[in-house]
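Data block below; observations after.
Protein chains: 2
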Amino acid sequence: MDNFMFYSPTQFVFGKDTENEAGVYVKKFGGSKVLIHYGGGSAVRSGLLDRVKNSLDKEGISHVELGGVLPNPRSGLVYEGIELCKKENVDFIIAVGGGSVIDSAKAIAAGTLYDGDFWDFYCGTKIEKALPLGVVLTIAAAGSEGSGDSVITKEEGMLKRGAGSDLLRAKFSILNPELTQTLPAYQTACGATDIMAHVFERYFTNTKEVEITDRLCEAVLLTMVKETPRVIEDPDNYDARANIMWAGMVAHNGLVGVGRSQDWNSHAIEHELSALYDCAHGAGLAVIMPSWMEYVYEHDVMRFCQMATRVFGCQMNFENPKVTALEGIKRFRSFLHSIGMPINFEELGAKEEDIPALVEKLGIGDGKRGGFMELSSEDVSAIYKIAAKASV
Amino acid sequence: MDNFMFYSPTQFVFGKDTENEAGVYVKKFGGSKVLIHYGGGSAVRSGLLDRVKNSLDKEGISHVELGGVLPNPRSGLVYEGIELCKKENVDFIIAVGGGSVIDSAKAIAAGTLYDGDFWDFYCGTKIEKALPLGVVLTIAAAGSEGSGDSVITKEEGMLKRGAGSDLLRAKFSILNPELTQTLPAYQTACGATDIMAHVFERYFTNTKEVEITDRLCEAVLLTMVKETPRVIEDPDNYDARANIMWAGMVAHNGLVGVGRSQDWNSHAIEHELSALYDCAHGAGLAVIMPSWMEYVYEHDVMRFCQMATRVFGCQMNFENPKVTALEGIKRFRSFLHSIGMPINFEELGAKEEDIPALVEKLGIGDGKRGGFMELSSEDVSAIYKIAAKASV
């Protein structure tokens, strides 16, 4: 097992009606002037924004607001948020929404206390300070409520890049599964796919003998395999929603990746799809991840057999392990298909002729991108090609 | 799923040589005058205490020390520690040791900032403040490095009682698996038993449909079933030690119990054994827990079948589930026996004739003690009787 650091200091407040406690937690963590950051009109229409505001008013905490965060959040609104926070002397940000809103709020939190261009942080500059942040989560997917990561898209060239720091970890995250019950099945399934992908990116490692991390990964995956079809079938199933919402946090606060190398190539390969076509990140992952698996599985057949048997209930073929490995990947893709996810370029709205441009933009050039298996531009091109034509 | 709060703000620093970073983390969390609290001479003889002191010296942090913590830590030394901290204006405590040392340090941390008798906290008084605390862990067992709990024994009447608060959670915990490699097999096995018991106390719940918590519990248990025999066989197996050490933290920082009712009757029943006979807590649990299981399994046969099939690899007997449930319990006891744990009173050094006194001291009286199954004094007496005569 490799040496590691694990630090997840966020206070998680989970369950029904918990959004009404937002004010209490802002106060606990020292906020007195809050920016409420959110996305579209659904948080307004559902009354959620009002409930959050009321909870702040009750504690005597003043607030300003900034809505309009789009999926794959853009730098333009981040600049607007930073300006607003500086002007209004905001000392705490609440993100009311999903991963996009939280990621945008994180960028604003870091950018407000920085003299330069916040985009520097997304080009590798270390974050030295950031405003404290709280979350009221409305979709189980990105895991940003428990992570120190943020992904922002810069409009010029549609560059999608990430930044990370423990300073971007929320002080508190409020997770009420009821808030996710109104989500359409497609978005729910995109979220579930993202959660599973966050685990798989950590599951495929070259570090041996880290059983505890393997088992924790499998715990999340098995939960998703059980619970996702239940919410697709019955969107109001609170317990299934709750299991998925918590699994989404566990999948991405760092716990299921400790002590070993990770991959993250599927995320990088997908990011180019959602940047170019503005498709949902989860949908892009559903197309890319099984295709990546098919391309790399011979790098460690036994690891894929472990996934196949422990997660997807395959019987081990001891005479020919490759059969089991491929059966596991097949079951994963079938599972994604069964919950309504696209599994090839056509279903996603992507075009095979764009593959050279996608590869070019990923920027590997003549080098290789590290991970479970190092990938050249040719490798990535081959993975896109598998994804283009995949079927169940 | 029940509403819950999950808060585990400790910074975990895991791996080889990490004890040399103690000073860096004391500084990070604002300490300038440290009490180093430890147990017997092994921390001195092994050079560990010197390494911790050197790391403090390197950061210019002054320190005093107090050794002598015994297993089942006593109130006498806690009073001594409180006096020392007050006299020396200590503002940070480092516990170098296992659960007993950490629990003693927690009691000192709370007691130093309290005008009354620290024992009040172990009789239900709420902890309002405490000195910040760091840990250098030397045995994987109690999980106190990640929890907000502390158990202390008061010499008068050998009363063993617990206190808990988020204020008692360590600021940082340094976990170097190498430090556990010199532990005798018996102590290693006691620790492993304690870790598994921490999970089982949370696994046996009456709250349905919390799959994610079930699966996380099973992740830890499966890891322990795999790794424990490996360290008993080969004490220097770093990876096995590392898996167990991290599993011990995950088992008890709260994660594997969220969203539902818990049990903890086996711990209470065991505490009377270790208080009366001063046996190792893990050894007492090895005797009590399978006996508790045999007594209560009919309360929820399917839950025990889940344990039997998912954790101990039993085949489900669909025609007679009780057979599977009992087979799982049998395998658990056999497992404990195989790693060298006592499984009955004689092997533990307990006496059947003491049962009435043990029951009396638990203090249930004519009432019932809540949990997975509510237990009367008669129930507890019956469990002790099973434990007295258990065999594999």
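Line order of the protein sequences matches chains A and B. Residues 1490 to 1881, numbered by our numbering, are exactly what the first sequence covers, in order. Residues 1490 to 1881, numbered by our numbering, are exactly what the second sequence covers, in order. Using N, Cα and C, we set each Cβ at its ideal position, and we do this for glycine too. None of the values given here were measured: they were computed from a predicted structure.
Taking 9 Å as the cut-off between beta carbons, the residues of the region 1681-1706 of chain A near chain B are K1697, E1698, V1699, E1700, I1701, T1702, D1703, R1704, L1705 and C1706, in sequence order. Not one beta carbon of chain A lies nearer than 8 Å to the beta carbon of S1593 of chain B.
An exposed status is given to V1881 of chain A, since fewer than 16 other beta-carbon atoms sit within 10 Å of its beta-carbon. The CB of S1497 of chain B comes closer than 7 Å to the CB of S1497 in chain A, given here in chain order. Assigned with DSSP and collapsed to three states, T1813 of chain A falls in helix. Residue contact with chain B for F1501 of chain A: present (Cβ-Cβ distance below 8 Å to some residue of chain B). Beyond the five residues adjoining it in sequence on each side, L1710 of chain B comes within less than 7 Å, by CB distance, of M1685, V1688 and V1800 in the same chain, given in chain order. Comparing alpha carbon positions, the residue from B:D1580, B:G1613, B:D1592 and B:G1587 closest to T1601 of chain B is B:D1580. In terms of beta-carbon proximity, N1732 of chain A lines the interface with chain B, with at least one pair separated by less than 8 Å. Against T1507 of chain A, the close residues of chain B are N1492, in the order they occur along the chain (beta-carbon pairs closer than 8 Å). By the 16-neighbour rule on beta-carbons within 10 angstroms, A1674 of chain A is exposed. For I1583 of chain A, the three-state secondary structure derived from DSSP is strand. Membership of A1846 of chain A in the alpha helix (DSSP H) is indicated by the continuous run I1844 to L1851.
With fewer than 16 other beta carbons inside 10 angstroms of its own, C1612 of chain B counts as exposed. Between V1558 of chain A and L1566 of chain A, the C-beta spacing is below 8 Å.
Counting along the chain, the unbroken alpha helix (DSSP H) around A1594 of chain B starts and ends at G1588 to T1601. The Cβ neighbour count for D1506 of chain B, taken over all protein chains shown within 10 Å, is under 16; the residue is labelled exposed. The Cβ-Cβ distance between N1732 of chain B and E1716 of chain B falls below 8 Å. For K1517 of chain A, the secondary structure class from DSSP, reduced to helix, strand or coil, is helix.
Per DSSP, the continuous alpha helix (DSSP H) segment holding L1537 of chain B begins and ends at L1537 to K1547. Each residue's CA atom was taken as its position, placing A1740 of chain B and K1649 of chain B some 22 Å apart. Residues of chain A whose Cβ lies closer than 7 Å to the Cβ of L1711 of chain B are, in chain order, R1704.
Inclusion of P1562 of chain B and T1614 of chain B in the CB contact set at 8 Å is not warranted, their separation being larger than that value. Nearest CB-CB separation between E1716 of chain A and chain B: below the 8 Å threshold. Burial is judged here by how many other beta carbons sit within 10 angstroms of a residue's own beta carbon; R1658 of chain B has at least 16 and is buried. If you look at Y1692 of chain B, you'll find it in the alpha helix (DSSP H) that goes A1674 to Y1692. Between the beta-carbon of L1668 of chain B and that of L1537 of chain B there is about 7 Å, and that keeps the pair under the 8 Å contact cut.
Per DSSP, the beta-bridge partners of V1640 of chain B are B:G1651. Counting only Cβ-Cβ distances below 7 Å, D1728 of chain A has contacts in chain B at M1490 and E1698, in chain order. When Cβ pairs closer than 8 Å are counted between the two stretches, the region 1820-1835 of chain A is seen to touch the region 1769-1787 of chain A, the count reaching three or more. In the DSSP annotation of this structure, the continuous segment of the alpha helix (DSSP H) that includes Y1873 of chain A starts and ends at S1866 to K1878.
Residue-level contact check: A1629 of chain A does not touch chain B, since none of the beta carbons of chain B fall below 8 Å from its beta carbon.
Among the CB atoms of chain B, none fall inside 8 Å of the CB of G1637 of chain A. With a cutoff of 8 Å on beta-carbon distance, M1494 of chain B and R1749 of chain B are scored as not near each other. In this structure, DSSP gives G1623 of chain B an extended state, which the three-state scheme calls strand.
In the structure shown, the three-state DSSP call for Q1804 of chain A is coil.
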